[in-house]
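Undergrad:
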Ligand code: URA
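In the numbering used here, the protein residues as written are 541 to 980.
1. Measure the alpha-carbon distance for residue 907 versus residue 877 and round it to whole angstroms.
2. How would you label residue 791, buried or exposed, when you count the other beta carbons within 10 angstroms and need 16 or more for buried?
3. Going by C-alpha to C-alpha distance, which of 780, 637, 732 sits closest to residue 685?
4. Runs of 3 residues minimum, wholly inside the segment 600-675: which ones carry the beta strand (DSSP E) assignment?
5. In this structure, does DSSP put residue 911 in helix, strand or coil?
6. Please classify residue 593: does DSSP put it in a helix, a strand, or coil?
7. Return helix, strand or coil for residue 940, following the three-state DSSP convention.
8. Tell me, to the nearest whole angstrom, how far the beta carbon of residue 918 is from that of residue 945; I am working on the premise that it is less than 8 Å.
9. Can you grab the Cα-Cα spacing for the pair residue 579 / residue 545, in whole Å?
10. Bridge partners for residue 769 per DSSP, in chain order?
11. Quick one: measure Cβ to Cβ for residue 910 and residue 694, integer angstroms, because I've assumed they're closer than 8 Å.
12. Considering residue 961, what are the terminal residues of the alpha helix (DSSP H) in which it resides?
13. Cα separation between residue 772 and residue 735?
14. Express the C-alpha separation of residue 828 and residue 705 in angstroms, rounding to a whole number.
15. For residue 553, I'd like the list of residues in its chain whose CB is within less than 8 Å of its CB, leaving aside the five on either flank, ordered along the chain.
16. Hey, residue 640 and residue 849: beta-carbon distance below 8 Å or not?
17. Anything with a beta carbon under 5 Å from a heavy atom of the ligand URA counts; list them all in chain order.
18. With distance defined between alpha-carbon atoms, name the residue in 644, 594, 721 nearest to residue 602.
19. Among 844, 930, 740, which one has its Cα closest to the Cα of residue 889?
20. Inspect the beta-carbon positions of residue 975 and residue 880 and report whether they are closer than 8 Å.
21. Taking the alpha-carbon positions, what's the residue 830 to residue 971 distance?
22. Using DSSP with H/G/I as helix, E/B as strand and the rest coil, what is residue 814?
23. Is it the case that the Cβ atoms of residue 558 and residue 604 are separated by a distance below 8 Å?
24. Checking 8 Å against the spacing of the C-beta atoms, do residue 634 and residue 857 come in under that value?
25. For residue 756, does the three-state DSSP call read helix, strand or coil?
26. Determine the DSSP secondary structure at residue 691, reduced to helix, strand or coil.
27. Go through the segment 852-886 residue by residue and report every complete run of the alpha helix (DSSP H) that reaches 4 residues or more, in order.
28. Work out the CA separation of residue 757 and residue 978 for me, nearest whole Å.
29. Could you tell me the alpha carbon to alpha carbon distance between residue 727 and residue 759, rounded to whole angstroms?
30. Can residue 866 and residue 854 be called in contact, C-beta distance under 8 Å?
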């Protein structure tokens, strides 16, 4: 291999075989290729793109740059990946619900990225929980409990880890080809039988337009299938937070309310639970545990309503070092912030738009996310009772509650929250939560 020739061919839009791309990725993984060549390679792909076959080759080579787990379990190995949004605690309900339906879920998750919260940070809001576990412990928990939500070890897709760090510094993150290979390499290294993707679109998502989200969803589904993993994607709405709470412990509290409530409040389906059921039903159907996505969704709802998902969640929390009585005592166990301040509407009308990215930044500014690598996170801070899109408000009605460590920070956050809502005179049309299914 001569990496300079591969880069030149990508630069000049000449043919580069999938094998040649795979060889380049191997070079990134084993350190023969340095940051300069990796950056030039990434920029050539950002500018010129690659074909479907090349995307599959990139995905497989990045997956195979480290450990690829394989399992011998009595049920299908399933997982979900979300492209990230605000108030998105789907994974915390979905993983135990799938496990309660007979699937095994080795969910390698991330920490907060940009304005979005991270599943690992949320889970670690539970005192004692540690999500950095050894591979043998990961395998044991998945086998015993049925699900484990953990962080990636250094041996999962190391070529992606290096290339991602280079992309982050060289304005080469924004490429559907590179994003696809990056996301899938890590997911497929977990040895999945099927995968469901939640591609988010709207003010609180990375993709703001449906067209962008659809392009990414199609690329992800076709590359995952090309790599041998049955996959479907849902394009879902992120023009408002998925749940009325944002922040680590606050989102876990919302999850526990759903897991322990049993039945929908007043028969009104919870939007977060509805999305969990749609994604979970799709995964169960892909994994052969349901006839179709609709019957799979019913199985997921039953698992939640009968408390079986809560039992799995509790067993996972205990296995990760958390309290053995978390499911029954979660209200006492979760930490809470000392200062609560109501954010009030300054005019009457309807909630017309919500700047989800703005709300995500409010939570980070309160200390609920990282601004610098290695920053400590305060699990207690965030927002609760966030008003829904389209809801009617009068002057002085509550738009949200800020949870903060000090009065000053709470008041600053409250001002930013008011700015994130637009109040309009006429009832706006509110987009549905699920926009489109890709790959059905
Ligand atoms: N998330 C990833 O894992 N990789 C990307 O390239 C972008 C988002």
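The C-beta atom is built at its ideal place from N, Cα and C for all residues, glycine as well.
TA: Considering the structure as presented:
1. Whole-angstrom Cα-Cα distance: 11 Å.
2. With 16 or more other CB atoms across the displayed protein chains lying within 10 angstroms of its CB, residue 791 is buried.
3. If you compare the alpha carbons of 780, 637, 732 with that of residue 685, the shortest gap goes to 637.
4. Whole beta strand (DSSP E) segments, 3+ residues: 618-622, 645-649.
5. Three-state result, residue 911: coil.
6. Residue 593: helix per DSSP, three-state reduction.
7. Of the three classes helix, strand and coil, the one that applies to residue 940 here is strand, per DSSP.
8. At roughly 6 Å, the Cβ-Cβ gap stays under 8 Å, so residue 918 and residue 945 are in contact.
9. The straight-line gap from Cα to Cα measures roughly 14 Å.
10. Answer is none; residue 769 lacks a bridge partner.
11. With 8 Å as the limit, residue 910 and residue 694 do not qualify as a contact, their Cβ atoms being about 20 Å apart.
12. Per DSSP, residue 961 belongs to no alpha helix (DSSP H); it is in the beta strand (DSSP E), 961-964.
13. Those two C-alpha atoms are separated by around 7 Å.
14. Here the C-alpha atom of residue 705 lies approximately 37 Å from the C-alpha atom of residue 828.
15. For residue 553, where only same-chain residues beyond five positions count, the Cβ hits under 8 Å are 588.
16. Residue 640 places its beta carbon less than 8 Å from that of residue 849.
17. Listed by chain position, these are 719, 722, 723.
18. With distances taken between Cα atoms, residue 602 lies closest to 721.
19. Restricting attention to 844, 930, 740, the CA atom closest to the CA of residue 889 is found in 930.
20. No, the pair does not count as a contact, with Cβ atoms beyond the cut-off.
21. Here the alpha carbon of residue 830 sits roughly 29 Å from the alpha carbon of residue 971.
22. In this structure, residue 814 counts as helix in the three-state DSSP scheme.
23. Contact: no.
24. Contact check for residue 634 against residue 857 fails: the beta carbons are separated by 8 Å or more.
25. Looking at residue 756 - three-state DSSP - the assignment turns out to be helix.
26. In the structure shown, residue 691 sits in a strand (DSSP, three-state: E or B).
27. Taken in chain order, the whole alpha helix (DSSP H) runs of length 4 or more contained in the segment 852-886 are 866-873.
28. Distance from the CA atom of residue 978 to the CA atom of residue 757, rounded to whole angstroms, is 7 Å.
29. Cα to Cα, residue 727 sits roughly 15 Å from residue 759.
30. Closer than 8 Å, so yes.
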